[in-house]
Amino acid sequence: MFGDRVFSKFLDVWKCRNMLQPKIVEKNWVESYNEWARGRDQYLTFLVRVKDDSMVKRIAEIQNKLSTNPCVDPFPKEYLHITVKGCGFLAESERFEDDISRENSERIISQAKETLQTHSEFDVFLSKLNILPEVVLVEIHDKGRIGVINRELQSIQEIRKMDYDYPRFLPHISISQFKSQQEFNELVSQLERLRNTEFGELTVNSIELVSANLSRKYPTLKTIHSFKLK
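Residue numbers (my numbering): 1141 to 1370.
Structure follows, in structure tokens:
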């Protein structure tokens, strides 16, 4: 099953924890990820916002524990989300392969409506902490539901397929980025102790297309369109 393959990939990620070099964000994502952003600051992506107050509180409790490490820079609650499908950068003209014009963004919305109207709401389970070079994350276990949606959204012509898309897609919630390398090894040790933290279930009843403003230290998310699931 796809869900089982996702789980094995999360384990593969976890096995690499002691070999990571953290990606440091100092001023904003445009500067820190310049090879990707190339000066652009409006990134379009499909996502699921984490709005449940009890879930946000549980995540905040873990963020507070991790914040004792000087390398940790927790994301604000307004940023918490599950990425469904990255699209590209909103641009006036399409200079780069991942630029999306405003006209094409309207086409994306129209085609996404057709794709997402076939999906019913579903539950996901938030369980286990993990770490990538860019973020500390909470794993999402959903029997492959978000991965299926990611795969279907790839059929929209105006959206570029990413290296991390299905079948390599790993649904997660990023809860912290990194502001230094100081005591990073101690953070990894703490994550080993907290690895099996369970946060509970979250119901996914809508997916949003948002524009993420990357010109700030913590990207701000502006909803362009909300797609209600059945």
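Where is the CB? At the ideal position from N, CA and C, for every residue including glycine.
Neighbour flag for residue 1183 against chain B, beta carbons, 9 Å: The structure shown has no chain B; it contains just one protein chain.
Can the beta-carbon of residue 1249 be found less than 9 Å from the beta-carbon of residue 1365? Taking the first residue of the sequence shown as 1, we reach residue 1249 at position 109. Taking the first residue of the sequence shown as 1, we reach residue 1365 at position 225. For residue 1249 and residue 1365, yes; Cβs fall inside 9 Å.
Short check: CB of residue 1206 to CB of residue 1331, under 9 Å? As a working mapping, residue 1206 is identified with position 66 in the sequence shown. As a working mapping, residue 1331 is identified with position 191 in the sequence shown. Their beta carbons are under 9 Å apart, which means residue 1206 touches residue 1331 by this criterion.
With three or more beta-carbon pairs closer than 8 Å as the criterion, would you say the stretch 1305-1320 touches the stretch 1213-1228? They touch, by the three-pair rule.
Nearest CA to the CA of residue 1219: which residue from 1300, 1276 and 1190? By one-based count along the sequence shown, residue 1219 stands at place 79. Of the candidates 1300, 1276 and 1190, the one whose C-alpha sits nearest the C-alpha of residue 1219 is 1190.
Neighbourhood of residue 1363 by C-beta, 8 Å cutoff - its chain only, sequence neighbours within 5 removed: Your numbering for residue 1363 matches position 223 in the sequence shown. Around residue 1363: 1348, 1349 and 1350.
Run the CB neighbour count on residue 1268, radius 10 Å, all protein chains shown included, and call it buried at 16 or more, exposed below. One-based indexing of the sequence shown puts residue 1268 at position 128. Looking at its Cβ environment, which holds 16 or more other Cβ atoms inside 10 Å, residue 1268 is buried.
Which residues in the same chain as residue 1265 place their Cβ atom closer than 6 Å to its Cβ, once the five residues preceding and following it in sequence are excluded? The count along the sequence shown starts at 1 and reaches residue 1265 at position 125. The answer, listed in chain order, is 1281 and 1341.
How would you call residue 1204, buried or exposed, if buried means at least 16 neighbouring beta carbons within 10 angstroms? On the sequence shown, position 64 is the one that residue 1204 refers to. With fewer than 16 Cβ atoms within 10 Å of its Cβ, residue 1204 is classed as exposed.
Tell me whether residue 1245 is buried or exposed, calling it buried when 16 or more other Cβ atoms sit within 10 Å of its Cβ. Taking the sequence shown and counting its residues from 1, one reaches residue 1245 at position 105. By the 10 Å Cβ count, residue 1245 comes out buried.
Residue 1183 (DSSP reduced to helix, strand or coil): Your numbering for residue 1183 matches position 43 in the sequence shown. Strand at residue 1183.
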